Amino acid sequence: MFDIGVNLTSTQFAKDREQVVRRAREAGLTGMLITGTNALESQQAQSLAQRHPDFCWSTAGIHPHHASEWSADTASTLRRLAESPQVVAIGECGLDFNRNFSAHNQQEYAFDAQLALAAELQMPVFLHCRDAHERFMAVLKPWLPHLPGAVVHCFTGTAEELAECLASGLSVGITGWVCDERRGMQLRELLPQIPVERLLLETDAPYLLPRDMRPRPTSRRNEPCFLPHIVQQVALWRGEEAAWLAQQTADNSRRLFRL
Ligand SMILES: [Zn+2]
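In this note's numbering, the protein residues as written are 41 to 299.
Spelled out as structure tokens, the structure:
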């Protein structure tokens, strides 16, 4: 069981990061990828990963929310971080036209620049797309032949968008969003359409606590130790066996990120 999306640098984990990693191991996880969302957090993610060799790895990138921070300096920080053995992907990068914390042109510029960096360094990319599918694919597609791998993390799009992602060769990250009986139903029905070798699982902790956990956790904070619940539910809705799916998706993670 491998969690490809843990925001371990979040201040929500400030008091107990070591215990969060310990609980993840105790829950049966075999690895996790710590998300870098700007220059500083990508550095923090790398140093956290360094403390847990062979269990934690990290990404280095600028999230679309932080695209306005993009500069030659951030590019060289990412380039330097990418030399570290813990850093196994460029990202999280992409487009977010839902929250619009950075202007669309800034988001597209930073996204394109990170794809160029990943192609140059021959690293896989960890992608974020929210309410921006058309522009996201337009920026991404020219780079795909030059990239060794790509996952669109926390996929929440439509059937048509999923089909286009799969046809373009992307892997798809599924979070506990799919456990939400209010907004996750459409995605739940799409789960069987994802070929198992393209499926990756993630908590996106501390966000997106699965809403159908019983008993409900006392805190709203999500943790990587809740990944087994997501594995179980996704396996149920795909008509597969949970232990088998856990192994397959962990194998996919190690293949994509070359661990
Ligand atoms: Zn994201």
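Even glycine gets a Cβ: it sits at the ideal position worked out from N, Cα and C.
Bear in mind the structure is a predicted one, so any value in this text is a computation, not a measurement.
Its chain contains Arg251 as the residues whose beta carbon lies nearer than 6 Å to that of Asp220, once the 5 sequence neighbours on both sides are disregarded; these appear in chain order.
Check the Cα spacing between His144 and each of Ala153, Ala122, His105: the tightest is with His105. In chain order, Val46, Asn47, Asn262, Glu263, Pro264 place their CB closer than 7 Å to the CB of Ala245, counting only its own chain and leaving out the 5 sequence neighbours on each side. Of the residues Leu69, Glu229, Ser293, the one whose Cα lies closest to the Cα of Gly213 is Ser293.
Per the coordinates, the alpha-carbon of Lys181 lies some 14 Å from the alpha-carbon of His168. In this chain, the alpha helix (DSSP H) harbouring His144 covers 144 to 161.
Segment contact: the segment 118 to 135 against the segment 88 to 105, three or more CB-CB distances shorter than 8 Å; contact assigned.
Around the beta-carbon of Trp110, 16 or more other beta-carbon atoms lie within 10 Å, marking it buried. Note: Trp277 is not bridge-paired with any residue in the DSSP secondary-structure output.
Within the model, the alpha-carbon separation for Thr289 versus Asn140 is close to 32 Å.
Between ligand 1 and His106, a heavy atom-to-CB distance of less than 7 Å is absent.
With fewer than 16 neighbouring CB atoms inside 10 Å of its own CB, Asp56 falls in the exposed class.
From the listed residues Gly68, Val128, Glu160, the smallest Cα separation to Ala282 is found for Gly68.
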